[in-house]
Amino acid sequence: MTILYRIASRPAYLVTAFIVLIASIFLTIWLLLPGPPKTLTIATGFPDGLYHQFAKQLQVELAKEKIVLRIQNTGGSVDNLALMADSKSGVDLAIIQSGVGNPNQYPKLTALAGLFYEPLWVWYRSDAFIKDGGSLRQLSQLKGKKVSIGNEGSGTNMLSQAILKLNDI
3 MTILYRIASR PAYLVTAFIV LIASIFLTIW LLLPGPPKTL TIATGFPDGL
53 YHQFAKQLQV ELAKEKIVLR IQNTGGSVDN LALMADSKSG VDLAIIQSGV
103 GNPNQYPKLT ALAGLFYEPL WVWYRSDAFI KDGGSLRQLS QLKGKKVSIG
153 NEGSGTNMLS QAILKLNDI
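Residue numbers (the numbering used here): 3 to 171.
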């Protein structure tokens, strides 16, 4: 009588062999496949900016799960996008303002979620528009004026430049 016949003729042996086989497969997978990282780096923006504040909150939440989040300050969304596109940058995550990256230019990057609404605000001094009744009604009124459009490398700067260009300013 062969060993296979003895195993097949006794259901308890068969069940035990099946459990050992399944356990061996799971153990092999567990040993060979790496687990999720315990340390991540996120590119944010300026230390006093909203992206940095969000990353600090995320850092606290991830610490509860024993995950270390390193925060890398940058010049903003444009810099963050460049870091994400560079596989050698060491950056795992980045907060990038919507509209900054062209999906065709970065096919290997994926957006995980929208974090918050980011309106583009236009603040102005009414005395700069005296001839217009003290109010700004159209972007074309900015032509010839000194306009601050955010820090270089920020998403605000990039998007503002695009909007001003579209309006021939």
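Ideal Cβ placement from N, Cα and C applies to all residues, glycine included. It should be emphasised that the depicted structure is a prediction, and the values quoted were computed from it without experimental measurement.
Margin query: Just to confirm before moving on: does the CB-CB distance between T43 and V70 stay below 7 Å?
Written below: Taking the sequence shown and counting its residues from 1, one reaches residue 43 at position 41. Taking the sequence shown and counting its residues from 1, one reaches residue 70 at position 68. Taking 7 Å as the Cβ cut-off, T43 and V70 do not qualify as a contacting pair.
**Message:** Using 7 Å as the threshold, is the C-beta distance between G136 and D81 below it?
**Reply:** Taking the sequence shown and counting its residues from 1, the one referred to as residue 136 is at position 134. Taking the sequence shown and counting its residues from 1, the one referred to as residue 81 is at position 79. Going by C-beta atoms, G136 is not nearer than 7 Å to D81.
### Query
Which residue from K145, N159, I151, M160 puts its Cα closest to that of N169?
On the sequence shown, position 167 is the one that residue 169 refers to. With distances taken between Cα atoms, N169 lies closest to K145.
What do you get for L33, buried or exposed, if any count of 16 or more other CB atoms within 10 angstroms of its CB means buried?
By one-based count along the sequence shown, residue 33 stands at place 31. Counting Cβ neighbours within 10 Å, L33 comes out exposed, since fewer than 16 surround it.
Three-state secondary structure (DSSP) of L111:
For the purposes of this step, residue 111 is taken as the residue at position 109 of the sequence shown. Coil.
Practice prompt. Please report the Cβ distance between I97 and A57, rounded to the nearest whole angstrom; I am assuming they are in contact, meaning their Cβ atoms lie under 8 Å.
Written response: Residue mapping note: residue 97 aligns to position 95 of the sequence shown, counting from 1. Residue mapping note: residue 57 aligns to position 55 of the sequence shown, counting from 1. At roughly 7 Å, the Cβ-Cβ gap stays under 8 Å, so I97 and A57 are in contact.
(message) Bridge partners for Q74 per DSSP, in chain order?
(response) Walking along the sequence shown from the start, residue 74 turns up at place 72. A45, per the DSSP bridge assignment.
task: Can you tell me which of the three DSSP states L95 falls into?
output: Locating residue 95 in the sequence shown gives position 93, counting from the first residue. In this structure, L95 counts as strand in the three-state DSSP scheme.
With respect to the alpha helix (DSSP H) encompassing W125, which residues constitute its N-terminal and C-terminal limits? On the sequence shown, position 123 is the one that residue 125 refers to. Looking at the DSSP string, W125 is not in any alpha helix (DSSP H), and its letter there is neither H nor E.
### Query
Counting Cβ pairs closer than 8 Å, one from the region 46-61 and one from the region 92-112, do we hit at least three?
yes
| Can you list, in chain order, the residues of its chain whose CB lies under 6 Å from that of R72, leaving out five sequence neighbours each side? | Start at 1 with the first residue of the sequence shown, and residue 72 comes out as number 70. Counting only Cβ-Cβ distances below 6 Å, and skipping sequence neighbours, we find T43.
When the Cα atoms are used, what is the spatial distance from L138 to K68? Indexing the sequence shown from 1 puts residue 138 at position 136. Indexing the sequence shown from 1 puts residue 68 at position 66. Using only the alpha carbons, I get a separation of about 51 Å.
Using CA coordinates, which residue listed in I132, S142, W125 is at the minimum distance from I151? Start at 1 with the first residue of the sequence shown, and residue 151 comes out as number 149. The shortest Cα separation from I151 among I132, S142, W125 belongs to W125.
For S26 and A113, the rounded distance between their alpha carbons
Counting from one through the sequence shown, the residue named residue 113 turns up at place 111. Counting from one through the sequence shown, the residue named residue 26 turns up at place 24. Whole-angstrom Cα-Cα distance: 37 Å.
| query | For L122, does the count of other Cβ atoms within 10 angstroms reach 16, so buried, or fall short, so exposed? | reply | Against the sequence shown, residue 122 aligns to sequence position 120. Its Cβ having fewer than 16 others within 10 Å, L122 is exposed.
Which two residues bound the contiguous alpha helix (DSSP H) that contains F20? Your numbering for residue 20 matches position 18 in the sequence shown. That run of the alpha helix (DSSP H) goes 13-34.
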